[in-house]
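Q: Just dropping this structure here.
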Amino acid sequence: MTRRFAVGLATCLAVAGFAAGTARAEGDKTIEGIEAYREALKDGNPAELFEAQGEDLWKKKAGPKNASLETCDLGMGPGVVAGAYAHLPRYFKDTDKVQDAESRVLTCMTTIQGIDVAKYVSARWGSPEKDELNAIATFISGMSKDVKVEVSTAHPKERQMFELGKRMFYYGGGPHDFSCSTCHGQEGVRIRLQELPYIPSPKGAASGWTSWPAYRVSAGQMWGMQWRLADCFRQQRFPEPIYGSDVTIALSMFMAGTSNGATMNTPGIKR
Amino acid sequence: MRKRIAYLSGLAAGLLVAGAVHAADGSWGPGADDAAFQAMLKSGFREAGIAKLSRLEQDATQAFCSDPKFAESKEAAGKRAEIEAANLASIKWPSDGKFLGDFKEGEKIAQSGRGLTSTDKADQVNGGNCYNCHQISKTEISYGTIGPSLTGYGKLKGNSEQAQRETWSKIWNSKSVNACSNMPRGGHMGILTEQQVKDLVALLLDPDSPVNK
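Protein chains in written order, with the working numbering: chain R, 30 to 300; chain S, 354 to 566.
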């Protein structure tokens, strides 16, 4: 794996060196080079380590009730992890809420393990608590790799969450007037050299939704969709979305519902 | 027959209600009414660093543009013009009457995308975020494409007082030109100082700027 990374890095450096002395006509070649770098990265994805860690946490007895999460119902019945991520978010009768994988894990930690999850919710990104949650989400998502996204909007609360997410997507505010749609609301554009998916289209929604959780090479961190959304809002100059809040579920529902039929490619890897 | 009339009038009442709901709640689908949306916003965020919860409160321009289906419609043309006029009227012109600053400083400001996020400090010097969306100086190949290319802007536009005023308007308050532009309102929202806006105007218009070489 180390060797493959070295190759990827060399490609990247070559691109950077190449870029420095050239004019804009070479922009396309630069993007091709970056694509090659991304391809090279996929050869060895450190996300595997987080999947393994997440699986350990899933199976380990913990909390006041000294129980594992193995009986957690992610929507396909107690203990069924395979394929579950591809069907989330969904409505859960016991909580009377629409939940994504990450908020559902909080429910299971509460009910099955007796853990007070408040400190997990409030913990900062990169803290041990959040790292645990990211690892578990990575494990769950890996068990849906190559599974078709099939998210229901049949229940009124599911439909409502989808519609709220759509509305949130266009909600502009803060000092920069930014909304999600400022960057993700048109086809074929970039920020600097980073291409941006057009989220309201099935293809664009899928390119986002089916590739998170992902390992961020530049940060050396594993990010779940909750973290990804929080960082979008940070760059949008918004306050911080609360982990597992309806705002985050609604946007996830909008993306997941729009990408129905696409194939999960999780965990992913990003620059 | 009577039954049928009753049914029809019921239907008419239903349509009226639906119409009223549409007017109040914009273009949104079932369940995404104003009350539900506001409740979601209120419970969904916490303040982080300098990013306070008050940032979720919209001004008239932001509220209008958050329903793009309506904002871009024919029937909203009057409202768009109104919003542009209000933004135009609020523009602060340079206090010494001079529009052009230092284009070299302007290039630095255009390069920087920093400032005003929840992880930035209050005393952080804000950048203009310009290259994130625009091609500007030819030598910088890492540019975004959300906005149009500005390479050669001054060569096309000239450097008359009119050109300077128009460029100032666009940077100080982009919504004075296009109600729902994706571009931030640099001066209006206090992202950029008066001097920074001058430097950016110079970057675009100064005949010696790399933009016009």
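Glycine included, every Cβ here is placed at the ideal spot set by N, Cα and C.
1. Spatial neighbours of residue 173(R) within its chain, please: C-beta separation below 6 Å, excluding the five flanking residues on both sides.
2. Mind checking whether the beta-carbon of residue 94(R) lies closer than 6 Å to any heavy atom of the ligand SAM?
3. Going by Cα to Cα distance, which pick from 165(R), 206(R), 220(R), 284(R) is closest to residue 499(S)?
4. Report yes or no: do three or more beta-carbon pairs, one from the segment 424-431 of chain S and one from the segment 209-228 of chain R, lie closer than 8 Å?
5. Among 487(S), 466(S), 395(S), 560(S), which residue has its Cα nearest to the Cα of residue 508(S)?
6. Quick one: what does DSSP say residue 87(R) is sitting in, helix, strand or coil?
7. How many whole angstroms separate the CB atoms of residue 397(S) and residue 189(R), which I take to be in contact at a CB cut-off of 8 Å?
8. The alpha helix (DSSP H) that contains residue 191(R), what's its start and end?
9. Going straight from the alpha carbon of residue 134(R) to that of residue 206(R), what length do you get?
10. Kindly identify the DSSP beta-bridge partner or partners of residue 220(R).
11. Within 10 Å of its beta-carbon, does residue 61(R) have 16 or more other beta-carbons around it, so buried, or fewer, so exposed?
12. Could you please tell me which residues of the segment 469-485 of chain S, in chain order, have their CB closer than 7 Å to any CB of chain R?
13. Got a sec: which bits of the segment 269-284 of chain R sit with their beta carbon under 8 Å from any beta carbon on chain S, in order along the chain?
14. Using beta carbons (cut-off 7 Å, strictly below), is residue 440(S) in contact with chain R?
15. Please list, in chain order, all residues of the same chain as residue 260(R) whose beta carbon is under 7 Å from its beta carbon, the five residues on each side excluded.
16. Looking only at C-alpha atoms, which of 274(R), 282(R), 296(R) sits nearest to residue 393(S)?
17. Hey, does residue 381(S) have any beta-carbon neighbour from chain R nearer than 7 Å?
18. Could you list the residues in the segment 213-247 of chain R with a C-beta less than 7 Å from some C-beta on chain S, going in chain order?
19. State the beta-bridge partners of residue 149(R) as determined by DSSP.
20. Residue 503(S): buried (16+ other C-beta within 10 angstroms of its C-beta) or exposed?
21. What in chain R is Cβ-close to residue 409(S), meaning under 9 Å?
22. Is the Cβ of residue 192(R) closer than 7 Å to any Cβ of chain S?
23. Would you mind sorting residue 550(S) into buried or exposed? The rule is 16 or more other CB atoms within 10 Å of its CB.
24. Let's test the definition: count the other Cβ atoms within 10 Å of the Cβ of residue 537(S) and tell me whether it reaches 16, buried, or not, exposed.
25. Taking Cβ to Cβ, would you say residue 444(S) is nearer than 7 Å to residue 564(S)?
26. Any beta carbon of chain S sitting closer than 7 Å to that of residue 211(R)?
27. How would you write the range of the beta strand (DSSP E) that residue 251(R) sits in, first residue to last?
28. Strictly by DSSP, which residues pair up with residue 119(R)?
29. What separation, rounded to the nearest whole angstrom, lies between the Cα atoms of residue 42(R) and residue 566(S)?
30. Helix, strand or coil for residue 37(R)? Go by DSSP, reduced to three states.
31. Name the one or two DSSP bridge partners that residue 298(R) has.
32. From residue 291(R) to residue 543(S), what distance separates their C-alpha atoms?
33. Could you give the distance in angstroms between the alpha-carbon of residue 106(R) and the alpha-carbon of residue 439(S)?
34. Using a Cβ-Cβ distance cut-off of 7 Å, determine whether residue 128(R) contacts chain S.
35. Determine whether the Cβ of residue 399(S) lies closer than 7 Å to any Cβ atom of chain R.
36. Beta-carbon separation of residue 477(S) and residue 466(S) under 7 Å?
A: Taking the structure as given:
1. For this step, residue 173(R) is matched to residue 144 along the first sequence. Correct list, in chain order: 112, 114, 115, 293.
2. In the structure on display, the ligand SAM does not appear, and there are no ligands present to speak of.
3. Residue mapping note: residue 499(S) aligns to position 146 of the second sequence, counting from 1. For residue 499(S), the nearest C-alpha among the options comes from 220(R).
4. no
5. Residue numbering aside, residue 508(S) sits at position 155 when the second sequence is read from its first letter. The candidate whose alpha carbon is nearest that of residue 508(S) is 560(S).
6. Within the first sequence, residue 87(R) is the residue found at index 58, counting from 1. Correct three-state label for residue 87(R): helix.
7. Locating residue 397(S) in the second sequence gives position 44, where the first residue counts as 1. Locating residue 189(R) in the first sequence gives position 160, where the first residue counts as 1. In fact, because the Cβ distance is near 15 Å, the residues do not count as touching under 8 Å.
8. On the first sequence, residue 191(R) is found 162 positions in, with the first residue counted as 1. Where residue 191(R) is concerned, the enclosing alpha helix (DSSP H) stretches over 185-198.
9. The count along the first sequence starts at 1 and reaches residue 134(R) at position 105. The count along the first sequence starts at 1 and reaches residue 206(R) at position 177. Near 34 Å, if we compare the C-alpha coordinates of residue 206(R) and residue 134(R).
10. For this step, residue 220(R) is matched to residue 191 along the first sequence. Looking at the DSSP assignment, residue 220(R) forms a beta bridge with 223(R).
11. For the purposes of this step, residue 61(R) is identified with residue 32 of the first sequence, where counting begins at 1. Exposed, because fewer than 16 other Cβ atoms sit within 10 Å of the Cβ of residue 61(R).
12. Under the 7 Å Cβ criterion, the segment 469-485 of chain S contributes 469, 470, 471, 472, 484, 485.
13. Interface annotation for the segment 269-284 of chain R against chain S: 269, 270, 271, 274, 275, 276, 277, 279, criterion Cβ-Cβ distance under 8 Å.
14. Taking the first residue of the second sequence as position 1, residue 440(S) is located at position 87. No, residue 440(S) does not count as interfacial toward chain R.
15. Translated into positions along the first sequence, residue 260(R) becomes position 231. Nothing listed; no residue qualifies.
16. The residue you call residue 393(S) lines up with position 40 of the second sequence. Selected option, being the one with the closest Cα: 274(R).
17. Walking along the second sequence from the start, residue 381(S) turns up at place 28. With 7 Å as the cut-off, residue 381(S) counts as an interface residue toward chain R.
18. 218, 219, 220, 221, 222
19. Translated into the one-based positions of the first sequence, residue 149(R) becomes position 120. Bridge partners of residue 149(R): none, in fact.
20. For the purposes of this step, residue 503(S) is identified with residue 150 of the second sequence, where counting begins at 1. So residue 503(S) counts as buried.
21. To locate residue 409(S), count along the second sequence from 1; it is residue 56. Simply 200, 202, 203, 267, 268.
22. Position 163 of the first sequence, counting from 1, holds the residue named residue 192(R). It does: the Cβ of residue 192(R) has a partner Cβ on chain S nearer than 7 Å.
23. Taking the first residue of the second sequence as 1, we reach residue 550(S) at position 197. Result: buried.
24. The count along the second sequence starts at 1 and reaches residue 537(S) at position 184. The residue in question, residue 537(S), is buried, as its Cβ has 16 or more Cβ neighbours within 10 Å.
25. Residue mapping note: residue 444(S) aligns to position 91 of the second sequence, counting from 1. Residue mapping note: residue 564(S) aligns to position 211 of the second sequence, counting from 1. The answer is no: Cβ separation not under 7 Å.
26. Translated into the one-based positions of the first sequence, residue 211(R) becomes position 182. Interface residue, yes.
27. Position 222 of the first sequence, counted from the first residue, corresponds to residue 251(R). Per DSSP, residue 251(R) is one residue of the beta strand (DSSP E) stretching across 250-252.
28. For the purposes of this step, residue 119(R) is identified with residue 90 of the first sequence, where counting begins at 1. Paired residues: 128(R).
29. Within the first sequence, residue 42(R) is the residue found at index 13, counting from 1. Within the second sequence, residue 566(S) is the residue found at index 213, counting from 1. Per-residue confidence for residue 42(R) stands at a pLDDT of 37, beneath the threshold of 50, marking its modelled position as unreliable; the derived number appears in the next sentence. Their Cα atoms are separated by approximately 29 Å.
30. Translated into positions along the first sequence, residue 37(R) becomes position 8. Below a pLDDT of 50, predicted positions are generally treated as unreliable, and residue 37(R), at 40, falls in that range; no measurement from the model is reported.
31. In the first sequence, the residue the question calls residue 298(R) occupies position 269. Its beta-bridge partners are 244(R).
32. Within the first sequence, the letter at position 262 stands for residue 291(R). Within the second sequence, the letter at position 190 stands for residue 543(S). Residue 291(R) and residue 543(S): Cα-Cα distance of roughly 43 Å.
33. On the first sequence, position 77 is the one that residue 106(R) refers to. On the second sequence, position 86 is the one that residue 439(S) refers to. Approximately 56 Å between the Cα atoms of the pair.
34. Here residue 128(R) corresponds to residue number 99 of the first sequence, with the count starting at 1. So, not an interface residue.
35. As a first step, residue 399(S) must be located in the second sequence, where it is residue number 46. Chain R contact via Cβ: present.
36. Looking up residue 477(S) in the second sequence gives position 124. Looking up residue 466(S) in the second sequence gives position 113. No, they are not a contact pair.
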